[in-house]
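Since the structure comes first, as C-alpha cells, the remarks are kept for the end.
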Amino acid sequence: MRLLVLSLLCLAACGPSAAVQTGQSGGEAASGGNPPSSTQAQDVSPSGQAGEAGSAGNLLPRGGEQGERGRILSTSGALTLVVETAAGPMEVRLAEIDTPVPELTQAWLADHVVGREIELVYSGLRRDRYERALAHVLMPDANVGEEPAQDAAWLQYRLIDAGLARVMSHADNQAQAALLLPVEAGARQAGRGLWADPAHQVRDPHPDARAQDVGSAQIVEGRVLDAVQLNSGRIYLNFGSDYRTDFTVRIDAADSQAFLDAGLTPAVLSGQRIRVRGWVTDENGPMIALDHPARLELLGEDASAARAR
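So, in C-alpha cells, the structure goes:
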C-alpha cells in the first residue's frame with residue numbers, strides 16, 4: 007500500500023494541474039430531480055440486504071437501492087465505466103465525485119478495476135442527460151490496489167481516499183456526501199494524490215486569486231464577513247467588505263429553504279468559517295452558487311475542524 011500511495015503522490019505532482027471536468031461528466035451537473043425517498047433510509051450491503059455501514063476502510067453507501075450487476079469492460083472517461091450487464095453494456099458515471107486529475111484517475115481505473123464484477127447502488131437520480139447510470143459502485147469480491155476488501159470495496163471511497171477524486175455532490179445526488187467528506191479530509195491532510203499538488207489545494211477567498219479560477223470547479227474556504235437574505239429569498243454570503251468585487255456565495259431563492267431547514271441561516275453563517283465547493287463564475291467578482299447544503303461545510307475553530315482542514 008505504501009508503494010501505491012508513493013506512486014500516486016509522484017504521479018499527481020507531475021500530472022495535469024488545470025483539467026476539471028464540466029457538465030454532468032465532472033465538476034458540475036444539472037440540478038433538479040428527486041432525492042431518495044424516506045423508504046430508502048436503511049443502509050445497503052453488497053448483497054442488497056439492509057445492514058450497517060462498515061468501518062473507515064469498508065464504508066458502504068447509505069440509503070441506496072441495489073441496481074444492476076455486471077463486469078467492467080473498460081473506461082470511457084475519467085469517472086465513467088462501461089459495464090456488461092445481463093441486459094447488455096451500459097455506461098456508468100460514478101456519482102457524487104469529480105476529479106481535477108482525469109488522466110491519472112482514468113489510468114488507475116483501467117489498471118485496477120477493469121474486469122471486476124460489480125454491483126451498482128443508486129442513491130439519487132439514476133440517469134444523467136447522456137443516459138449514463140449515475141451510481142455508486144461496489145466490488146464485493148475485489149481487492150483494490152494492495153488492500154484486501156472485507157465485505158465490499160466501495161469505488162468512490164477508494165478513489166477519494168487515494169486522492170484520485172474529491173467529493174462533488176448534486177441536488178439530485180447527495181445522499182453519500184456526509185460519508186465521503188471525512189474521507190476526502192483525511193486524504194487532503196495526508197497529501198495523497200491530487201492533494202500533493204498545490205494547484206489542487208483548497209482555495210482562500212481572495213478575490214484576485216479566485217478570479218483566476220473562473221470557469222473551473224474549486225473548493226474555497228474562509229470566514230463569512232456577513233450573510234444576508236434579500237426580500238426575494240436569495241441569500242448572499244459575503245467574504246469581503248465590497249460585495250461588487252469580493253468573493254461571494256449565492257444561494258438562490260428556490261434553493262434557500264433547504265439551507266434554512268438544515269439550520270444554515272444567515273444569522274448562523276455570519277462570522278463562521280466555512281468550506282464551499284462548486285463552479286466559480288464571474289458575477290460582481292468571483293462567485294460560487296450553491297443549490298444544496300451538502301456543498302457547504304461549517305468548520306468552526308475546534309480541534310476536529312482544524313484536523314479536517
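Going by the working numbering, the sequence shown wraps up at 315, each residue one higher than the last. Idealized CB from N, CA, C, for every residue including glycine.
Asked                                                                                                                   : Found
Environment of Leu236 [buried if 16+ CB atoms lie within 10 Å]                                                          : exposed
Assumed close pair Glu90, Arg77 - CB separation to whole angstroms, cut-off 8 Å                                         : 5 Å
C-beta atoms of Pro67 and Ser129 nearer than 8 Å                                                                        : yes
Environment of Pro292 [buried if 16+ CB atoms lie within 10 Å]                                                          : buried
Counterpart residues of Gln72 in DSSP-defined beta bridges                                                              : Val127
Local Cβ density within 10 Å of Arg283, reported as buried at 16 or more and exposed below that                         : buried
Beta-carbon spacing of Arg374, Arg229 below 8 Å                                                                         : One cannot answer for residue 374 here, as it falls past the ends of the chain, which runs 7 to 315.
Length at least 4, wholly inside the stretch 195-250: the alpha helix (DSSP H) runs in chain order                      : 213-217
Ala101 versus Leu185 - alpha carbon distance                                                                            : 13 Å
Beta-carbon gap between His142 and Gly197 smaller than 8 Å                                                              : no
Residues near Leu302 in its chain [Cβ-Cβ closer than 7 Å; skip 5 each side]                                             : Leu270, Ile280, Val282, Leu296
Among His206, Ala202, Arg132, Asp167, the one whose alpha carbon lies nearest that of Gln180                            : Arg132
Cβ-based burial, Ser238 [other Cβ within 10 Å; buried from 16]                                                          : exposed
Residues of its chain near Ile166, where Cβ-Cβ distance is below 8 Å and the 5 sequence neighbours each way are ignored : Ile103, Arg172, Val173, Leu186, Val189, Glu190, Ala193
Exposed unless 16 or more other CB atoms sit within 10 angstroms - verdict on Gly277                                    : exposed
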